[in-house]
Structures are given as structure tokens and as C-alpha cells.
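> Just so we're aligned: the sequence shown equals residues 0 to 531 in the numbering used here.
Ideal placement from N, C-alpha and C gives every residue a C-beta, glycine not left out.
Computed from a prediction, not measured in an experiment: that's the story for all the values here.
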Amino acid sequence: MLKTDSNAYRQIFSNCRRILGVKTWDKILAALDNEMEPGLLPDKLVSLKTAFHLPAYIDDLAGLEWAWHQLKTQPPPPAQPPEKLAVNPTLSIVPVGWKHIAAIVGDSSDSDGYPPPEASPTHIILWRHPAKKSYHIHEAGDIDLLALKIVIEQIDPLKAAEVGNTTVRAIQTALKNGVKRGILLQPRSRIRRDFLTGRHSSADFGPFEFADIFTLQWHVTNACDLHCKHCYDRSSRDPMSYDTAVAILDDFYDFCSRMNIKGQVTFTGGNPLLYPYFMDIYKKASEKGFGVAILGNPTPKQQMDKLIGIVKPLFFQISLEGLEEHNDFIRGSGHFQKSLAFLDELKEMGIYSMVMLTLTHDNIDQVLPLGGMLEGRADFFTFNRLATVGEGRSLLMPEKGRFVDFLREYEEAAKQSPILGLKDNLINIIRKEKQIDMFGGCTGYGCGAAFNFVSLLPDGEVHACRKFPSLIGNIRKDSLFDIYHSSLARSYRKGSDACRDCSLNPVCRGCLAVTYSQGLNVFKDADPFCFL
Numbered sequence: 000m001l002k003t004d005s006n007a008y009r010q011i012f013s014n015c016r017r018i019l020g021v022k023t024w025d026k027i028l029a030a031l032d033n034e035m036e037p038g039l040l041p042d043k044l045v046s047l048k049t050a051f052h053l054p055a056y057i058d059d060l061a062g063l064e065w066a067w068h069q070l071k072t073q074p075p076p077p078a079q080p081p082e083k084l085a086v087n088p089t090l091s092i093v094p095v096g097w098k099h100i101a102a103i104v105g106d107s108s109d110s111d112g113y114p115p116p117e118a119s120p121t122h123i124i125l126w127r128h129p130a131k132k133s134y135h136i137h138e139a140g141d142i143d144l145l146a147l148k149i150v151i152e153q154i155d156p157l158k159a160a161e162v163g164n165t166t167v168r169a170i171q172t173a174l175k176n177g178v179k180r181g182i183l184l185q186p187r188s189r190i191r192r193d194f195l196t197g198r199h200s201s202a203d204f205g206p207f208e209f210a211d212i213f214t215l216q217w218h219v220t221n222a223c224d225l226h227c228k229h230c231y232d233r234s235s236r237d238p239m240s241y242d243t244a245v246a247i248l249d250d251f252y253d254f255c256s257r258m259n260i261k262g263q264v265t266f267t268g269g270n271p272l273l274y275p276y277f278m279d280i281y282k283k284a285s286e287k288g289f290g291v292a293i294l295g296n297p298t299p300k301q302q303m304d305k306l307i308g309i310v311k312p313l314f315f316q317i318s319l320e321g322l323e324e325h326n327d328f329i330r331g332s333g334h335f336q337k338s339l340a341f342l343d344e345l346k347e348m349g350i351y352s353m354v355m356l357t358l359t360h361d362n363i364d365q366v367l368p369l370g371g372m373l374e375g376r377a378d379f380f381t382f383n384r385l386a387t388v389g390e391g392r393s394l395l396m397p398e399k400g401r402f403v404d405f406l407r408e409y410e411e412a413a414k415q416s417p418i419l420g421l422k423d424n425l426i427n428i429i430r431k432e433k434q435i436d437m438f439g440g441c442t443g444y445g446c447g448a449a450f451n452f453v454s455l456l457p458d459g460e461v462h463a464c465r466k467f468p469s470l471i472g473n474i475r476k477d478s479l480f481d482i483y484h485s486s487l488a489r490s491y492r493k494g495s496d497a498c499r500d501c502s503l504n505p506v507c508r509g510c511l512a513v514t515y516s517q518g519l520n521v522f523k524d525a526d527p528f529c530f531l
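1. Taking Gly62 as the reference, which of Lys26, Val104, Leu31, Lys22 has the closest Cα?
2. Just how far apart, CA to CA, sit Lys391 and Lys523?
3. Leaving aside the five residues before and after Ile329 along the sequence, list all residues of the same chain whose C-beta is less than 7 Å from its C-beta, in chain order.
4. As an exercise, report each continuous alpha helix (DSSP H) stretch of at least 4 residues that is fully enclosed by the segment 382-458, in chain order.
5. Tell me the residue span of the alpha helix (DSSP H) that contains Phe254.
6. Assess, as a yes-or-no matter, whether the segment 82-99 is touched by the segment 180-187 under the definition of 3 or more beta carbon pairs within less than 8 Å.
7. Taking only heavy atoms of the ligand ADP into account, decide whether any of them is closer than 6 Å to the Cβ of His135.
8. Going by DSSP, what residues sit across from Met353 in a beta bridge?
9. For Leu470, list the residues DSSP reports as bridge partners.
10. Can you tell me where the beta strand (DSSP E) with Asp264 in it begins and where it stops?
11. On the DSSP letters alone, give me the boundaries of the beta strand (DSSP E) that Val162 sits inside.
12. With a 10 Å radius around its C-beta and 16 neighbouring C-beta atoms as the bar for buried, classify Val167 as buried or exposed.
13. Under 7 Å between the Cβ atoms of Thr220 and Leu273?
14. In this structure, how does DSSP classify Pro94 when only helix, strand and coil are distinguished?
15. Work out the CA separation of Lys179 and Phe12 for me, nearest whole Å.
16. Along the beta strand (DSSP E) that carries Phe213, what are the first and last residues, could you check?
17. What number of angstroms, rounded off, separates the C-alpha of Ile435 from the C-alpha of Ile429?
18. For Ser294, list the residues DSSP reports as bridge partners.
19. Excluding the 5 residues flanking Gly459 on each side, which residues of the same chain have their C-beta closer than 6 Å to its C-beta?
20. Report the residue from Cys223, Trp24, Val245 whose alpha carbon sits nearest the alpha carbon of Arg236.
21. What is the rounded straight-line gap between the Cα of Asn296 and the Cα of Asn259?
22. May I have the straight-line CA-CA distance separating Tyr491 from Tyr241, to the nearest angstrom?
23. Mind checking which residues open and close the alpha helix (DSSP H) that includes Ser285?
24. Quick check: what's the CA-CA separation for Ala557 versus Lys466?
25. May I have the straight-line CA-CA distance separating Asn6 from Gln73, to the nearest angstrom?
26. Could you check if Ile170 is buried or exposed, using at least 16 other CB atoms within 10 Å of its CB as the buried criterion?
27. What whole-angstrom Cβ distance do Leu406 and Thr359 have, given they're in contact under 8 Å?
28. Just how far apart, CA to CA, sit Ile151 and Leu145?
29. Compute the Euclidean distance between the alpha carbons of Val403 and Lys175, then round it to the nearest angstrom.
30. Pick out whichever of Ile418, Met372, Ile363, Thr442 has its Cα sitting closest to the Cα of Ser352.
31. According to DSSP, Ile136 sits in a beta bridge with which residue or residues?
32. For Phe341, list the residues DSSP reports as bridge partners.
33. Quick one: grab the DSSP three-state call for Ser108.
34. Taking just the CA atoms, how far does Val513 sit from Thr357?
35. Can the beta-carbon of Leu345 be found less than 7 Å from the beta-carbon of Phe315?
36. Determine the extent of the alpha helix (DSSP H) in which Glu64 is found, giving its start and end residues.
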């Protein structure tokens, strides 16, 4: 019976056999009970160490090799996302008394390139990566053990941060790294598109079904150092107190936790840096683990240094409305040159820079020339169509025919440009005509109004989209979770009935703000610029 099993022993414990040598290995096999299971070898080696003059670490190494064998031979678990953050069911933790022996098992080739085993208690983790289908064995670091402890004991990251005297961001980074490495399994986002007909199957639009980031576009103040001729809102809205703003971050944290989604806070205004508590709230948002970004105006370097001292924003977006003469007509004298200088500063600071243009009848021919001028200065440049609300009522939208021609020119130019970004949902019509893959449109999921995005105004009003009146609640009265699940918010998510059966629905639905600008019903009528 032992002769039959010796081949299995040799395969399972190949490194033990190599290190001990064939003669010693054969003596060990001869000393075993004829029908002893391989899994009992590690314990047996403890009693044989003295008699056979074995290395002190050999039983730990055998235990790891047995665990490694079990991992590789057990059937993979069903690939079903957990309901909440969970430990990978294939993961095992093996306590050992020696460092550096995991590398011996992970690489069955000659181990001379690794440090020799060192007597020191540690833990070894072994697992199968759920996405890569690869097998891993490593010494567990403090971050690994912390992430596992938080998940196993179901400790809220807020509590873990408090006990550990650290930030929620640090805790969430540990958890995120655990997910990336495959030690932890991420639950599926609850921000999901409900496709309305069989034409919108997951097979065709899978990447656009579940959102992985939810953006709170927070207009912390309406105060602004500019007076642009197309501003959506110059109304007087009192800014929130510091305590109210902190409470909103707590509410947003609760929303993201319940929806299994990563949160991003994009600060804007007005000019967000004019909000009296901006630096404090920016820091609080970062400490809570949210990604932070800024939509603002050119900012003095002294203020930017303070921002970077807290955390670099994911990006800083400014606006330009065309070439210098037209831009300064819209945004004020000197703005164009000041913006170019600021973009150069952002580049020096290593901050990703974005430039947004509001497309109108008067600047449509300036978009591509401006894009060419910004190459090497900005990281990303694109446009939004004008919504004739607020002071934008005094400007003209482009004519539909000219817009369609421009969209084709832009889509073609974007193939050659390192900075031209695709944003307008209707570009997907062109891609459909060319039979190339769809892109995510305005927010990565077509129109993102009240889906993976909401706008929060200084007085607490929550809108599905900032570019037109689309009130869905007030965060001072109701939680964002309740506002998001209201019937009105669901109506904005669904979009227009006219788009319901369109094959591009999951990545388009036009622009509700433009539809509103033309006096149409956003819940019934199609984007008037649609040319499908």
C-alpha cells in the first residue's frame, strides 16, 4: 500500500523531498504506517526530527505543501458575488514558526535564491484568485491580517478607524487591496441599470449594467469670482454650516455602504474654494475614504499647495468656452491666459487636469482648434451641450444639422488626439453606424441623472442633474438613500419613454437638460438633437 502511495507523497511534498534528499526521504516513508494519509505527515515529522536529524522547519514546510495541494485540487467555489464584503472561501491561514518558507512552496524550483528559513512566528495565507484563476501563497502582512479581521468580525470601517487611531481611507485602502489581491470578495454594486426590454441584454451591455462609483457633485457655494454668460444658477443660496456639511458626509457614507458602491465627492460651485469651510470638508471627505475631485476656476498656487497637503484631487476641472476672444467674452477678460497658466501649474504639480467647454451656436467651430491648442497642457478635453437655463437663456444652441456634422468631425478627430474625450451620449449613434463598440456616454452609463450621480446644492436640494431643474429631494429633510429610491428619482433614471425601446438605451438616453431647454417633456420626449 505504501509503494502505491509513495508517488503521491513525492508529488505533494516535492520540496520536502528535495531539501531532505532521496535517501532521507525514503527512510521517512519507510517509517510511516502503510496506510497513513498524506495530511498526517507534518505531525509525523515532528516526532522524527531528532531521529533523522531533520531541519527544524521541515514540519511547517510539509504542512504548507499539504495545504497548497489541497488548495489546488479542490473544486473552485461557484462564482457568485457575495451579499457583502467576504473572505475568499478558498483562502486558508496557516500559522508557522518560520519566515521565508512560503516562497519555497510557491516556487518548486531551486530555492537558493530565497532567504533561508528564519525562526519567527508568522502566518501564511493561501488562496485562489477568483478573477485570475491563479494560485497564491504568501506570508501575511499586518495589512492582510487587518483586512481579514475587519471582514471576519464584521467591524465597520468607521469603528476600525476609531479604534486604530487612523482614517477610514486607510482602512478602506486595506480592504481595497484585499479585494484586488483576491483575498476578499467584493459584493456586487446595488447601483444597477434595469434594462427595459430584451434588446438590452447583459451579454451586449454588461459593462454598463452595474456602476462601481457613485458621484456626489456637491455645489458647496454659489459664490463665484466669475460671472459667465451661460451660468446655470446665479441664485442666492446660503452655504451650509460646517456641522451640517459633516453630517452630509456621514449620510453619503451610509448611502455608499448600503449600496455597495465606492463614493466620490466632486466639489464645485460657484467656485468651491470660496466656501468658508472648504479645506476642512475636503479633508473630511478624503478621510472618510471618498475620492475627491474639483470643478472650479484657476486657483492660486498657495491654495493648491494646501490641497495637495491634504490629498491630491483625482482631477481638477476648469472650463474654457473657445479660443481666447470668445472665451473672455463669456468668462471675463484675461480668463483664457490665466487658465492656460493654471493648466501648466497643474501639470507641474502632477494633478490630472480636465477642461470642459459648453457647446453653443457661437463656439462650435472653435472646439477642435482649442483641443489642438490644449495638447500638452491638459490631460482631457471635451464638451457639454448648452442647456438654456439660468443665464444660458441668452445664448443659442447650435443648429441640429451643424451639430450632427460637428459630432462626426469630433468623433473622428478624437481617434488621433491624446486629449479629446468622448462624453456626449449621441456619439454612440456614430459608433453604431461604424459598427464599433459603444462607450459609456456622459457618466459612463449614458445619462447618469439620479443613477450614478446626483447634484447637491448649497441649501440641501438634491437634483438629478445640475444643468436643469430636476429636484428629487432635500438632504436636510431626508437621507440620500431615501431620496435615491424615491419614485421621482426612478423616473429620472429611467429617462424618456421615447428612448425606452432604442437599442442604445443603456449607453445613451440623450441629454435631459437639452430636452428640457427646448420646452419638451423629459419623461416623454426624445433629445431633439437625436439623429438615430
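A quick look at the data gives this:
1. Val104
2. The question names Lys, but residue 391 in the sequence shown is Gly. The alpha-carbon atoms of Gly391 and Lys523 are separated by roughly 24 Å.
3. Cβ neighbours of Ile329 beyond the five flanking positions: Cys227, Lys228, His229, Glu320.
4. Runs of the alpha helix (DSSP H) inside the segment 382-458: 399-413, 426-432.
5. 241-257
6. yes
7. The model on display carries no ligand, and the ligand ADP is accordingly not part of it.
8. Met353 is bridged by DSSP to Gln316, Phe379.
9. His462
10. Just to set this straight, residue 264 is Val in the shown sequence, not Asp. Start and end: 261-267.
11. Note, Val162: premise wrong, no beta strand (DSSP E); alpha helix (DSSP H) at 156-162.
12. buried
13. Result yes, Cβ atoms of Thr220 and Leu273 sit closer than 7 Å.
14. strand
15. 30 Å
16. 212-218
17. 9 Å
18. The question names Ser, but residue 294 in the sequence shown is Leu. Per DSSP, the beta bridge partners of Leu294 are Gln316.
19. Asn473, Ile474, Arg475
20. Ranked by how close their Cα comes to the Cα of Arg236, the residues Cys223, Trp24, Val245 have Cys223 in first place.
21. 33 Å
22. 30 Å
23. 277-286
24. An answer regarding residue 557 cannot be provided, because it is not within the stretch 0 to 531 covered by the chain.
25. C-alpha separation (whole angstroms): 19 Å.
26. buried
27. Not a contact, Cβ separation roughly 15 Å.
28. The straight-line gap from Cα to Cα measures roughly 10 Å.
29. 42 Å
30. Ile418
31. Leu125
32. Paired residues: none, contrary to the question.
33. Unreliable placement is indicated for Ser108, whose pLDDT of 44 sits below 50; the coordinate value is still reported in the next sentence. Coil, per DSSP.
34. 12 Å
35. yes
36. 57-72
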